[in-house]
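J.: Numbering-wise (this note's numbering), the sequence shown opens with residue 311 and increments by one.
Where is the CB? At the ideal position from N, CA and C, for every residue including glycine.
Since the structure is predicted, the reported quantities are computational estimates derived from the model, not experimental observations.
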Amino acid sequence: MFHVKRYDWDRKYQVVVVGGGHAGCEAALACSRLGMKTLLVTINIDKIALMPCNPAVGGIGKGQLVAEIHALGGEMGKIADRACIQARILNRSKGPAVQALRVQTDKKFYEDEMKKSLFSAERLDVLQGMVGEIVIEGGEVKGIVLENGISVGAQALVLATGTFLNASIVVGEKSYPAGRVGEYASYQLSQSLKKARIELDRLQTATPPRVDGRTVDYQKTIPQLGEEEVEGFSGKERPLLPQMACFLTYTNRETHRIIKKHLHLSPIKTGGVKGRGPRFCPSIDRKIINFPEKERHPVFIEPEGWRTKEVYLQGLTTSMPAWVQKEIIAATPGLERARMMRPGYAVMYDFAPPQQLHPTLEVKEISGLFLAGQINGTSGYEEAAAQGLMAGINAARKVQGKEGIVLKRSQAYIGVMIDDLVTKGVEEPYRMFTSRAEFRLILRSDNAINRLRPLGHSVGLVSDEEMEEAIELGEGVNAIIEELKVRKLAPEAVNQVLGSKGGNPAREPLRAIDLLKRPEVRIKDLAEILPKLRERTPRELFQAETEVKYAGYIDRQLRDAERMEGLENSVIPLEIDYDQMKELSFAAREQLKRIKPRTLGQAARISTVTPADIALLSIYLKRKEIGDTGDT
311 MFHVKRYDWD
321 RKYQVVVVGG
331 GHAGCEAALA
341 CSRLGMKTLL
351 VTINIDKIAL
361 MPCNPAVGGI
371 GKGQLVAEIH
381 ALGGEMGKIA
391 DRACIQARIL
401 NRSKGPAVQA
411 LRVQTDKKFY
421 EDEMKKSLFS
431 AERLDVLQGM
441 VGEIVIEGGE
451 VKGIVLENGI
461 SVGAQALVLA
471 TGTFLNASIV
481 VGEKSYPAGR
491 VGEYASYQLS
501 QSLKKARIEL
511 DRLQTATPPR
521 VDGRTVDYQK
531 TIPQLGEEEV
541 EGFSGKERPL
551 LPQMACFLTY
561 TNRETHRIIK
571 KHLHLSPIKT
581 GGVKGRGPRF
591 CPSIDRKIIN
601 FPEKERHPVF
611 IEPEGWRTKE
621 VYLQGLTTSM
631 PAWVQKEIIA
641 ATPGLERARM
651 MRPGYAVMYD
661 FAPPQQLHPT
671 LEVKEISGLF
681 LAGQINGTSG
691 YEEAAAQGLM
701 AGINAARKVQ
711 GKEGIVLKRS
721 QAYIGVMIDD
731 LVTKGVEEPY
741 RMFTSRAEFR
751 LILRSDNAIN
761 RLRPLGHSVG
771 LVSDEEMEEA
781 IELGEGVNAI
791 IEELKVRKLA
801 PEAVNQVLGS
811 KGGNPAREPL
821 RAIDLLKRPE
831 VRIKDLAEIL
841 PKLRERTPRE
851 LFQAETEVKY
861 AGYIDRQLRD
871 AERMEGLENS
881 VIPLEIDYDQ
891 MKELSFAARE
901 QLKRIKPRTL
911 GQAARISTVT
921 PADIALLSIY
931 LKRKEIGDTG
941 DT
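(1) Determine the burial state of G690: buried for a count of at least 16 other Cβ atoms within 10 Å of its Cβ, exposed for fewer.
(2) Nearest CA to the CA of D416: which residue from M424, Q409 and R647?
(3) Less than 9 angstroms separating the beta-carbons of L926 and K906?
(4) Helix, strand or coil: how does DSSP classify P883 here?
(5) Within this structure, are the beta carbons of V325 and A506 separated by less than 9 angstroms?
(6) Should L902 and A914 be called a contact, given that it needs their Cβ atoms to be closer than 9 angstroms?
(7) So within the stretch 341 to 413, which uninterrupted alpha helix (DSSP H) runs reach at least 4 residues, ignoring any that extend past its ends?
(8) Would you report the Cα separation of L931 and L731, rounded to the nearest angstrom?
(9) Among all the DSSP beta bridges, which residues are the ones paired with K798?
(10) Note down, one range per segment and in chain order, each beta strand (DSSP E) of at least 3 residues found wholly within the stretch 602 to 632.
(11) Mind the definition here: the stretch 345 to 352 touches the stretch 430 to 437 only if three or more C-beta pairs lie below 8 angstroms; say whether that holds.
(12) Going by the DSSP bridge assignment, what does R866 pair with across the sheet?
(13) Only counting the same chain, and skipping five residues up and downstream in sequence, which positions put a Cβ closer than 7 angstroms to that of N757?
(14) As a quick exercise: from G714, E538, R524 and L679, pick the residue whose alpha carbon is nearest that of G448.
(15) Alpha carbons only, please: which of T352, V621 and L626 is nearest the one belonging to N562?
(16) Beta strand (DSSP E) containing Q559: first to last residue?
(17) With C-beta atoms as the reference, is V480 less than 9 angstroms away from W319?
(18) Based on the DSSP secondary-structure assignment, which residues constitute the bridge partners of V327?
(19) Can you pull the DSSP bridge partners for F680?
(20) Going by the C-beta, is L894 closer than 8 angstroms to any heavy atom of the ligand ZN?
(21) Tell me the residue span of the alpha helix (DSSP H) that contains M1018.
(22) Take N704 and list the residues in its own chain whose beta-carbon comes closer than 7 angstroms to its own, dropping the five residues that flank it on each side.
(23) I need the boundaries of the beta strand (DSSP E) containing G453, first residue and last residue.
(24) Go ahead and pull the three-state DSSP assignment for V540.
(25) Is it buried or exposed, R589, if we count other Cβ atoms within 10 angstroms and call 16 or more buried?
(26) Cα-Cα, which of G368, A381, I724 and N458 is closest to I399?
(27) Classify D511: buried if its beta carbon has 16 or more other beta carbons within 10 angstroms, exposed otherwise.
(28) Are the CB atoms of Q409 and S745 nearer to each other than 9 angstroms?
(29) Contact between the stretch 644 to 662 and the stretch 328 to 341: three or more CB pairs below 8 angstroms?
(30) Leaving out five residues before and five after R821 in sequence, what residues of the same chain have Cβ atoms less than 6 angstroms from its Cβ?
(31) Look up S773 in the DSSP assignment and say whether it is helix, strand or coil.
(32) Going by Cα to Cα distance, which pick from W633, E792, L825 and N354 is closest to K484?
(33) Within the same chain, show all residues whose beta-carbon is closer than 8 angstroms to that of L550, passing over the 5 residues directly before and after it, in chain order.
(34) Ignoring anything shorter than 4 residues or poking outside the stretch 877 to 936, list the alpha helix (DSSP H) runs there in chain order.
(35) Does the count of Cβ pairs from the stretch 784 to 804 and the stretch 863 to 879 closer than 8 angstroms reach three?
(36) Check this for me: beta carbons of T628 and A516, under 9 angstroms apart or not?
Here it is in structure tokens:
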């Protein structure tokens, strides 16, 4: 271990961010934009903002996170829009609560654009190096020491280390130290965290092989084209690159025969891969084991950009031996002659179970230390970036002596994710889904700006001009709804809209808003007879239509959120002694002591805490308010 003379630092910063992935980039930019003298330390400057897995941003649940990152003043959405080579709205046929934007990106272009943002940011320095130790004194972060001996003082520290802590790559029977292929693993930092009494555990993830796109027989695949008129995450940034197609194929019986034949070589079977992997993105060998009755699985062939011929085989994730991977690829229609450029692999790494964190992402026992991204047990670029943004905001506010920002479950998907992490922990790499959000109808992508931009503005990450755009959006939506309320349509106009839609013809005048409430009628249909609607933006129209069609459901969720607010506003003192509350079950006391929930609402979401326990806690808190500390 390294030794640093007290406060004798080679450099001093207000905030240091460790890790140049998606969490680290958002954290560093947020801190610098909030006026902090910031340092980003990364193992390899050339790999900043790398997309080591799929070449895409967004998707179900994830697209909502990116919309919220943008609304709060983060960077990911803007750059994804600029680097976009294909955009699609997923779940287009379903309700607006589960629709989400997903964009394919040119991976190298995305990296370059993020580097431009970092290197042009004021008060932000970038340093290449490996962190060997975090320096803690009196329960507070004081700085870091690099393995090369350089020491850096810091008032707050954000660790966004990805899959690099004590990491190993596995391909077949071979295993070697690495956080990603070709990149060093970080061992001494893991030891330093353990020395600081931070609990660590193991997870694993994997990635599929890449092949040369020029050797794919696209005639045997199904083209997956993007949509022409799709508004990006930022609403303003447009793709700077030509658009590209993706393609779909399927595994078949021969593919499965080869996998079954060589399953004994899979690290899943040999024990070469240890730690829990992502259940919702399993390897192809895991799929064959778990779903033996299925005759085929989809394989999406996704281009990685215009400056490379590599394509990503989503659906063929595996860490089986490279020669077996070649056989699996060759047995899949359209890939018979495909030339593998990089084999798939698994990576095992240390993470810190997130119940050790406050909802601000600050470590409970170490003041000024924040964790973000895969170190908290999550998977995905979007989940990492959202945590990085919040950790960066709260690290800066810690230095400024301000209270941390905590988003509510009824306020943002980011709030749902962080509450899930710090309250429930993880049994496998955490991935965001719309099903995790009980208020998903009011947490849509299209209204993220309305929900979160005022907060981003008050924090200091959203400019006055951007805030004015949000105000205009809200006013535009309200104006559309008011126009629909006051406009009465003659029967002939109503029937013109209904046309071939199969609705019952109208015999009396009908308000436009009542016509829009019919399931077969869309707001674009009304625009044919209401010229004022044609003056509105697509975002305003979509949001207004959603608010009208789902008004009853939205009102119900808003009432549910208000009821939850009572529990969320009941703050539990950190110094509370649960051991003195003998009426609580033993399991509840143990979990409450471990997690230290901030509110009754958070306590109620702990799996071992019952409604009876919450009632007892509520009584105790009320007695504390009136100064009665007697038995509960």
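T.: In brief:
(1) buried
(2) M424
(3) no
(4) coil
(5) no
(6) no
(7) 372 to 382 and 386 to 392
(8) 25 angstroms
(9) R821
(10) 608 to 613 and 620 to 624
(11) yes
(12) DSSP, once it has assigned bridges, lists no residue as partnering R866.
(13) Q853
(14) L679
(15) L626
(16) Note that residue 559 corresponds to Thr in the displayed sequence, not to Gln. Looking at the DSSP string, the run of the beta strand (DSSP E) that includes T559 is C556 to Y560.
(17) no
(18) L350 and V468
(19) V468 and E672
(20) The ligand ZN is absent from the structure shown, which contains no ligand whatsoever.
(21) A query on residue 1018 cannot be resolved here, the shown segment of the chain reaching from 311 to 942 and no further.
(22) T670, L671, E672, F680, G714 and I715
(23) E450 to L456
(24) coil
(25) exposed
(26) G368
(27) exposed
(28) no
(29) no
(30) K798
(31) coil
(32) W633
(33) R392, A393 and F419
(34) 896 to 905, 910 to 914 and 921 to 935
(35) no
(36) yes
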